[in-house]
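Worksheet: one structure, shown below.
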Amino acid sequence: MATGFYCQRARGLPSGDGMFLLLDADTGVPACCWKKHGYLTDFRTAAAVALTLKYLAPKDTHEALLVGAGALARLTARAMVAQMPLARLTLWNRTRERAEGLARSSVKPSKPASPRRSNQPSATTG
7 MATGFYCQRA
17 RGLPSGDGMF
27 LLLDADTGVP
37 ACCWKKHGYL
47 TDFRTAAAVA
57 LTLKYLAPKD
67 THEALLVGAG
77 ALARLTARAM
87 VAQMPLARLT
97 LWNRTRERAE
107 GLARSSVKPS
117 KPASPRRSNQ
127 PSATTG
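The numbering used here puts the first residue of the sequence shown at 7, with every later residue one more than the last.
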């Protein structure tokens with residue numbers, strides 16, 4: 007079960023929460039319950055981005071644009087860098103400070119991430 011209560015940020019809480027319930031395959035009896043606080047959903051989404059890049063992106067892609075610098079962005083950026091031989095990862099976010107914070111994190115393509123802020127993000131394809 008996953009939830010989305012976006013007003014929670016104002017309270018210092020994650021906007022996404024939920025839990026996983028694991029049932030015994032033979033009996034259907036609950037075996038365990040994990041509180042996930044959005045992390046597993048974010049991890050799954052980042053993994054889906056990595057799989058999409060693996061199978062759909064041109065193999066010679068060396069630059070990428072990541073839109074957004076929220077909670078999911080750090081995991082997504084790491085998945086992108088792990089999957090592709092990126093020379094540059096451009097980060098776009100509504101607030102420059104959050105893009106810069108993500109750029110300073112452990113996202114390490116062969117060239118550093120470059121934060122961008124613009125009313126109209128754009129990407130060039132060649």
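Note that the Cβ used here is the ideal one computed from N, Cα and C, for glycine as well.
Query raised in the report: Near Ala56, which residues of its chain fall below 8 Å by C-beta distance, leaving aside the five closest residues on each side in sequence?
Result: The answer, listed in chain order, is Ala85, Met86, Ala88, Gln89.
Query raised in the report: Out of curiosity, what's the CA-to-CA distance linking Gln186 and Thr47?
Result: Within the shown structure, residues of the chain are numbered from 7 to 132, placing residue 186 beyond reach of any answer.
Report task. Go through the stretch 9-83 residue by residue and report every complete run of the beta strand (DSSP E) that reaches 3 residues or more, in order. Result -> With a minimum length of 3 residues, the continuous beta strand (DSSP E) runs that stay inside the stretch 9-83 are 22-29, 36-41, 69-73.
Query - Local conformation of Leu97 per DSSP, three classes - result: The three-state secondary structure of Leu97, taken from DSSP, is strand.
Query raised in the report: When DSSP labels each residue in this structure, what does Glu103 get in the three-state scheme?
Result: helix
Requested in this report: Could you give the DSSP three-state label for Leu108: helix, strand or coil?
Outcome: helix
**Report entry** DSSP-derived helix/strand/coil call for Met90
**Finding:** coil
Query raised in the report: Are the stretch 77-84 and the stretch 51-67 touching by the rule of at least three beta carbon pairs closer than 8 Å?
Result: yes
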